[in-house]
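Asker: What follows is a single structure, and I will ask about it in a moment.
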Amino acid sequence: MSYRKVNYEDVEQVSDAKHFLSEPLGCRQVGVTFSRCLPGWNSEPHDHVDDEHEEVYVLVSGAAEVRVDQESVPVEEGDAVWIAPEATRQIRNGKEESAFVLISAPEFDSSGSADDAWNLTGFQG
């Protein structure tokens, strides 16, 4: 089959906000997480130095703040924020519920070497 479909509500919730979709979708090279953030919810500050994952946070509803290192990045519905692996990141939700799609991919060798192994380890939060 050339596609897979899953609804985040059919995937067990992890922590207090996240649904990891990569495994149910059978992803081999990308991490995908749906995060529904209740009012006042904050993720754990973390980076991806060890696994060299870059991430993109896409806010699909609501408004929130993404802390990148010591900088506050306000995000509104439709905004996407790219975050480098070495940067510390944290979602800080405001007074209303918000929802994010979090996309992650490890660094890879652009030379196209067949020996490249992509190791997906998921998201912290």
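Residues 192 to 316 (the numbering used here) are what the sequence shown spells out, left to right. Here a beta-carbon is modelled for each residue, glycine too, at the ideal position from N, C-alpha and C. What you are looking at is a predicted structure, and each value in this text was computed from that prediction instead of being measured.
What residues match up with Thr224 in a beta bridge as DSSP calls it?
Answerer: If you number the sequence shown from 1, residue 224 lands on position 33. According to DSSP, which records beta bridges pairwise, Thr224 is partnered with Phe211, Leu293.
Asker: Looking at Asp238 and Arg280, is the spacing between their C-beta atoms short of 9 Å?
Answerer: Here residue 280 refers to the residue found at position 89 of the sequence shown. Here residue 238 refers to the residue found at position 47 of the sequence shown. In contact: Arg280 and Asp238 (Cβ atoms closer than 9 Å).
Asker: My output table needs one value for Leu250: the three-state DSSP class, helix, strand or coil.
Answerer: Reading the sequence shown from its first residue, position 59 is the one you call residue 250. Strand, per DSSP.
Asker: Taking 9 Å as the threshold (C-beta atoms), are His210 and Arg227 in contact?
Answerer: Within the sequence shown, numbered from 1, the residue matching residue 227 stands at position 36. Within the sequence shown, numbered from 1, the residue matching residue 210 stands at position 19. A contact, by the Cβ cut-off of 9 Å.
Asker: Can you check whether the CB of Gly231 is closer than 9 Å to the CB of Val251?
Answerer: The residue given as residue 251 occupies position 60 in the sequence shown. The residue given as residue 231 occupies position 40 in the sequence shown. No, they are not a contact pair.
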